[in-house]
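*Asks:* In numbering that gives the first Met the number 0, the protein residues as written are 0 to 214. Dropping the structure in here first, questions after.
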Amino acid sequence: MQNAAQYLDKTRSAAQRLFEGIDAYLALLRDHSTTFVTSHTSEEDFQRQYDAWYAERRSAIQAALDAQKQYIGESFAQATLCGAVLQLAAKAIECYSKNSHIPQDWVSFVKPHSKPVPFCTGRLVRGIPLGLVVYAARNQHTHFEDQNLREPNVEVFRRLAVNHGYGKGSTGPVVDPAFHLGTKSIVSFANNVTALLEWRSLEAYEADMRMLLEI
């Protein structure tokens, strides 16, 4: 493969199958959605409407709970597919990125001529270049058993966890557990990151990659 366009072309079928697999796991939740909507005027009215809704939807609610349990059981399998998507993207950036510039707010974390430099490009995701998000997420997924990630990986996740705009007016920082490296229940963040990037289809993935790689 001589260039980025050829890379995307040669890996397209693999990427397509990865996204189809990811969607199959997400369908476990999507196909068993249960939502209760009410316009109650009192607690008694709310309870009456809820009880009627629950009685009518009891079997669907149980199916949704079972689907949630199944999804949780398959969450690492889904993360494995998301990690593979991140690996495809990271290899493309590593081989074909034209970027040599380090943004000013990253000079303390990325050394000149180091491996992360080509990744310092792409649209901003919570204030972070998309390429750096891919770099850090791929590394975390690949080395999820290692609790001592190096920079700029740690700083990427720190910014993802706090640069969200939630909790405005609160007295202290609000940390998003979906990207907080201290969240013990999360082994791999690959699923959360690809969801944040809105990489849930081949088209969305390739659109970002083409822009980042200047194709």
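We put the beta carbon where it would ideally sit given N, CA and C, even for glycine. Please read all numbers here as calculations on a predicted model, not as lab measurements.
Should residue 8 be labelled buried (16 or more other beta-carbon atoms within 10 Å of its own) or exposed?
*Replies:* On the sequence shown, position 9 is the one that residue 8 refers to. Looking at its Cβ environment, which holds fewer than 16 other Cβ atoms inside 10 Å, residue 8 is exposed.
*Asks:* What does a CB cutoff of less than 6 Å around residue 150 pick up in its chain, not counting 5 residues either side in sequence?
*Replies:* Working through the sequence shown from its first residue, we reach residue 150 at position 151. Here the set comprises 108.
*Asks:* Spatial neighbours of residue 96 within its chain, please: C-beta separation below 8 Å, excluding the five flanking residues on both sides.
*Replies:* The residue labelled residue 96 in the question sits at position 97 within the sequence shown. Here the set comprises 117, 118, 120, 130, 211 and 212.
*Asks:* With a threshold of 16 other CB atoms inside 10 Å of the CB of residue 80, please say whether the residue is buried or exposed.
*Replies:* Here residue 80 corresponds to residue number 81 of the sequence shown, with the count starting at 1. Residue 80 is buried by the Cβ-count criterion.
*Asks:* With DSSP run on the structure shown, which of helix, strand or coil describes residue 214?
*Replies:* In the sequence shown, the residue the question calls residue 214 occupies position 215. If DSSP states are grouped into helix, strand and coil, residue 214 belongs with coil.
*Asks:* So what does residue 124 bridge to, in DSSP terms?
*Replies:* To locate residue 124, count along the sequence shown from 1; it is residue 125. Answer by DSSP bridge pairing, in chain order: 127.
*Asks:* For residue 204, collect the residues of the same chain with a Cβ closer than 6 Å to its Cβ; drop the 5 residues on either side in sequence, then sort them by chain order.
*Replies:* If you number the sequence shown from 1, residue 204 lands on position 205. Counting only Cβ-Cβ distances below 6 Å, and skipping sequence neighbours, we find 198.
*Asks:* Would you mind reading off the limits of the alpha helix (DSSP H) that contains residue 81?
*Replies:* Counting from 1 along the sequence shown, the entry for residue 81 is found at position 82. Counting along the chain, the alpha helix (DSSP H) containing residue 81 begins and ends at 74 to 95.
*Asks:* According to the neighbour-count rule (16 or more other Cβ atoms, all chains shown, within 10 Å of its Cβ), is residue 100 buried or exposed?
*Replies:* On the sequence shown, position 101 is the one that residue 100 refers to. It is exposed - the Cβ of residue 100 has fewer than 16 other Cβ atoms within 10 Å.
*Asks:* Looking at the structure shown, is residue 178 part of a helix, part of a strand, or coil, going by DSSP?
*Replies:* The residue labelled residue 178 in the question sits at position 179 within the sequence shown. Here residue 178 sits in coil by DSSP.
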